[in-house]
Amino acid sequence: MMAQSDVQNPNPGDNSTVLKIDELTKFFGGLRAVHDFDVHIKQGELVGLIGPNGAGKTTIFNMITGIYPVSEGTIAFKGQDITDMPSHEITQLGIGRTFQRIRVFRNLTVLDNVRVAYHPHADYGMFDGILRLGRFGRGEREMTERAQEFLSVFGMEDLQDTLATNLPYGAQRRLEIARALATEPDLLLLDEPAAGMNPQEIVELMELIHFIRDRFNLTILLIEHQMRVVMGICEWMTVIDFGQIIARGTPKEIQNNPRVIEAYLGSQATRMVD
Amino acid sequence: MKDNLVKIVLKALSWGILVVIAGVVISIVANIVAEDPVTFVQQVLNGLQLGFVYAMIAVGYTLVYGVVKLINFAYGDVFMVGAFVSFYGITQYGLSFVPALVLATVACLFLAVVIDRVAYKPLRDAPRIAALITALGMSIFLEYFTALKFVFSPDYIAFERPFELVTWNVGGVTFTNIQLVIAITSIVYFLGVQYIVGRTKIGKAMRASAFDKPTARLMGINVNAVIGATFALTGALAGTASMLYATAYPQIFTFMGIQPGLKSFVAAVIGGIGSIPGAFVGSLIMGFIEAMTVGYMPLGSTLKDGMAFLVLIAMLLIKPTGIFGDPFEEVK
Amino acid sequence: MKIRSLPTWLTGLVFFVIVGAVVQVAFSQGWLSDYWQQVIMAGTILAISAQGLNLKYGYAGLFALGHAAFYGIGAYSSALITKDWVVGWSGNPAGGLAGVLAIEIGFILAVVAISKLQLGHVRHSMRERLAQWLSPFESTVLSTAVIILISLVVVVVVGGGSGWLVRQGVLAAVPPLLGGLPIEISQQIIFVIALLAAAVLAGAIGFLVSLPILNLTYDYLCIATLGFGIITYVFFNNADQLIPTMKGARGMVGIPSLTTWPWVLGCVAVALVVMRNFIYSSTGRAILSVRDDAIAAGTMGIDTFRYKTLAYAIGCGYAGLAGGLYAHLYSFLHPSNFTWLKSVDPFVMVVFGGVGSMTGTTLGAYVFVTLLEGLRVLPAEFIDWRYVIYPLILLFVMLFRPQGIMGTSELGFLKPPRVALRKPKQGAPAGVSPAEPQASES
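Protein chains in written order, with our numbering: chain D, 1 to 274; chain S, 1001 to 1332; chain U, 2001 to 2442.
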């Protein structure tokens, strides 16, 4: 079980490949949603996956996290083949993710949302809980303290007893990110974290992403189609359209790539240029 | 050389297993048939009769499920009401076959639409489990409400056939005019529904609403009206089926809709829920299985209800989306 | 030492003791007729069964319609055990116990053995190895045949073998062990064992049944569980072919009336306390998370299938326990009490009382029983309206208050434990967070 990492700076010497995807393809019946996708991400990188709506970005995320079965290709995480592993095993190996449409546990409190993340590593079993043995008391206390400490990092401590469904939208988004981080991932997948946010919130989000990448020693793969976010924080990105890669490179390179501009039909592209 | 030997042995083993299994099944079946071909054919005909009746109900279930994603538990009870209505038509008003049939059809049509408006429509946007529970409640309500003395009656009533039973005997096998009527009506209905859903405007609207309600609305389709029309159509189906069922098995009681209803739904699942040909084929299979169970298994007549569900569970394990179902549809 | 508030376990204990004592006095003083005594006990028993359904549906989100089947399994199995001991039907007073325990233990061991074999992996690797010689179809046939063979052997050897051993052991050891004790005591001991065995059997069968169907969407799950309910009903109807004393459709008689108020109270107290402790623990939260969003729960490391089957099995166990109490209350069992329609009863209790509320479910059970029994006093023409009213209740609740009367709230000791806010450590600043709190929230 990993201890809560309190590292302020990521290990600069570690350059191993965290995520290695090759020839990833997904068929839904006769429809080919993703074709020959590949990406190699190294430890500590903040990488983007962008493309117009319906390009297949979330499908790729779903394949990485075991929600969709893979049609062809391989996915390797920290050297281990995780293609077609069940979701919960993939998470326990160290991949966390958020969803485009917020999927917090609506009828659970903020605190419980986070405590669920600690369940796979709980120090007590079902019967300890039922009989309320000593191990339960200790384990529960430890879990609760860790969860509360965690929430305080995100400024959500005072909301611990609020039902997730009663939180305002922005807080739910933060809870979703916090919850994913509570699983202590090495790789964090963020699916359109800026959806529905106003410009001020987006600035705060970008700061938050930088902050968590440094504090928790993460590698981050980010889906967004808001250019401001992507260009602002991603070190490099892969662009896909209709399930296929059309470009890859740094923000500057992508901004000037004619195929990318074409894929976005120009209107977003003009905003990229300034 | 050794590799080839291993290959031959393994291939022989795998095909051998298949051959043995097939052989056992075929010999059992052949035995049954050869021992008493007359009974066998008789049971097949019984199965067909059942199957054709189930088909009319199953198509109704699959239609509603396809458009509203709801298992209309109350459907079997609409069917029951049709039987009673035609009974009263025949005994109290002296109606002959066709008018009684029309009466039952129309009554069930209205009942189905009313049930939808009162119980299902308010929950259209609620979580789907809510509609399911409501359907369950509606079903039970109909069963017990009609059992009250002043409505229908809690008793088992002998149904009066609207026409004389005529039997023919061919080589020891008897079949009746009822079976003929049922078969013809069922096939006509099936073709009719296929036509409506496949080639008319309203059918197109139904298919659009089934596929994607919000988009259908945006394209100007009055989804609620389409749903109402779907219930109306299925109600009519139930009405006809009920009277034919009561003519074939002349005993009616307020809980008579439960078993045929459930079995028809299972048939629709076997054929692939949402598929009309699937519902038809599934029903024939269902009828066949039931007849075979009654005819050939010891204690068959008491076990037949359980048999139907054993088949269902087997189906859910092997191919949950059913025979004609789209294997990529979300069942999980 | 300041007493700030009573610890929860104490409140619960006090509650049960007081209520239990009051009711017991009412019974023994004859303030209530025998009939109403049975009604109160029946209501409490149904409350236990309904807690099981609340776990399956309210907490785990599984729309499971076969609950009455497990009620019946518990009822018949416990009845077989006690009837043999007290009245005798198999020739050996411990016969019923031996049979039920043999089935249970053989079953559980067989399942454990098979899961340890990891047949899925075995088949997969077999297919890979065979791929160099055979086509995919052929290798599938061969590998499937092999694992079916292995499973059969394991089931027969492990399951059958252990079952046989257990049976012999029980038949030989139990009569002399308990025979020496005074009858009242040995009967009570057998009763406890019977109730436990009933609950475990129901839970084990529930577990098995859930394996193939729990991953289906709720429509199919509903029909599949309903199907199992019908299959069980047909089984009970014809069970006299296997075990004559069960008498199938004629109804099983001669069951000792061992259910008394103290038993019922004890069981409901245990049932509620266990449920409460269970749901307010990490495992409970895992189950709730699967209900709220199974996909998200998966990405949090929760094995959704495992927790759904766990909730389902425990829920069935509750039904089995309730069934055991029920069998010994009326001393008569008939398959018509375990039709799939009867599975709707606990549903009405849960939906009316509060989906996901232990208090609400218990309330719903008492209301249900009171209504059904209380309406018996209606004049003769209206008696059958009782059965019309109860689906109407369901309809009204679904249309106007779908979460039930109590929603998810609880009363008294069933409430979730309060978690104190963290006190920030002295001197250290709170965590650095660029996402400043609520003021800037939209």
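Note that CB positions come from ideal geometry on N, CA and C, so glycine has one too. Since the model is a prediction, treat every value here as computed from it, not as a measurement.
Are the C-beta atoms of residue i and some chain U residue less than 8 angstroms apart?
i                       : result
residue 1331 of chain S : With a pLDDT of 41 at residue 1331 of chain S, under the threshold of 50, the modelled position of this residue cannot be trusted; read the value that follows with caution. True, the Cβ-Cβ gap to chain U drops below 8 angstroms.
residue 115 of chain D  : yes
residue 1132 of chain S : yes
residue 108 of chain D  : yes
residue 1189 of chain S : no
residue 1195 of chain S : no
residue 219 of chain D  : no
residue 103 of chain D  : yes
residue 136 of chain D  : yes
residue 1129 of chain S : yes
residue 233 of chain D  : no
residue 94 of chain D   : no
residue 226 of chain D  : no
Tell me whether residue i sits in a helix, a strand or coil according to DSSP, three-state version.
i                       : result
residue 96 of chain D   : strand
residue 246 of chain D  : strand
residue 2163 of chain U : helix
residue 237 of chain D  : strand
residue 1299 of chain S : coil
residue 2415 of chain U : coil
residue 104 of chain D  : coil
residue 197 of chain D  : coil
residue 1224 of chain S : helix
residue 2252 of chain U : strand
residue 76 of chain D   : strand
residue 225 of chain D  : coil
residue 1002 of chain S : helix
residue 1125 of chain S : coil
residue 41 of chain D   : strand
residue 2401 of chain U : coil
residue 275 of chain D  : As displayed, chain D neither begins before 1 nor continues past 274, which places residue 275 of chain D out of reach and without an answer.
residue 210 of chain D  : helix
residue 1169 of chain S : strand
residue 27 of chain D   : strand
residue 2428 of chain U : Any reading at residue 2428 of chain U needs caution, since the residue's pLDDT is 41, under 50, leaving its predicted position unreliable; the model's value is listed next. If DSSP states are grouped into helix, strand and coil, residue 2428 of chain U belongs with coil.
residue 2422 of chain U : coil
So with Cβ pairs under 8 angstroms, would you call residue i a contact of chain S?
i                       : result
residue 2277 of chain U : no
residue 2054 of chain U : no
residue 2062 of chain U : no
residue 2208 of chain U : no
residue 2267 of chain U : no
Give a yes or no on whether the minimum CB-CB distance between residue i and chain D is below 8 angstroms.
i                       : result
residue 2217 of chain U : no
residue 2299 of chain U : yes
residue 2296 of chain U : yes
residue 2351 of chain U : no
residue 2361 of chain U : no
Of the residues that make up the region 1002–1031 of chain S, which ones have a beta carbon closer than 8 angstroms to any beta carbon in chain U? 1003, 1006, 1007, 1010, 1011, 1013, 1014, 1015, 1017, 1018
Tell me the start and end of each unbroken alpha helix (DSSP H) in the region 1059–1114 of chain S that is at least 4 residues and wholly inside, in chain order. 1075–1093
contact_flag[the region 22–30 of chain D, the region 140–156 of chain D] where n(CB pairs < 8 angstroms) is 3 or more: no
Counting only runs that start and end within the region 120–190 of chain D, where is the alpha helix (DSSP H) found for 4 or more residues in a row? 126–131, 134–153, 169–182
Relative to chain U, which residues along the region 47–78 of chain D have a C-beta separation below 8 angstroms, given in chain order? 65, 66, 67
If we count Cβ pairs, one from each stretch, closer than 8 angstroms, do we get three or more for the region 1086–1101 of chain S versus the region 1305–1318 of chain S? no
Name, going along the chain, the residues of the region 2137–2148 of chain U whose beta-carbon falls closer than 7 angstroms to a beta-carbon of chain S. 2138, 2141, 2142, 2145
Does the count of Cβ pairs from the region 2196–2208 of chain U and the region 2269–2277 of chain U closer than 8 angstroms reach three? no
Using Cβ-Cβ distances below 9 angstroms, what residues of the region 1260–1276 of chain S are close to chain U? 1262, 1265, 1266, 1269, 1273
Near-chain U residues of the region 1135–1156 of chain S - C-beta to any C-beta below 9 angstroms: 1136, 1137, 1138, 1139, 1140, 1141, 1142, 1143, 1144, 1145, 1147, 1148, 1149, 1150, 1154
Report the residues of the region 1070–1102 of chain S with a CB closer than 7 angstroms to any CB of chain U, ordered along the chain. 1071
Can at least three beta-carbon pairs, one atom from the region 79–95 of chain D and one from the region 42–55 of chain D, be found at a separation below 8 angstroms? no
Taking one C-beta from the region 2327–2345 of chain U and one from the region 2057–2072 of chain U each time, how about it: are there three or more such pairs within less than 8 angstroms? yes
Proximal residues, the region 1283–1316 of chain S versus chain U, C-beta separation under 7 angstroms: 1299, 1302, 1303, 1305, 1306, 1309, 1310, 1312, 1313, 1316
Sufficient close CB pairs (3 or more, under 8 angstroms) joining the region 28–40 of chain D to the region 240–257 of chain D: Because the criterion of three Cβ pairs below 8 angstroms is met, the region 28–40 of chain D and the region 240–257 of chain D touch.
Should the region 2393–2408 of chain U be called in touch with the region 111–124 of chain D, which here means at least 3 C-beta pairs below 8 angstroms? no
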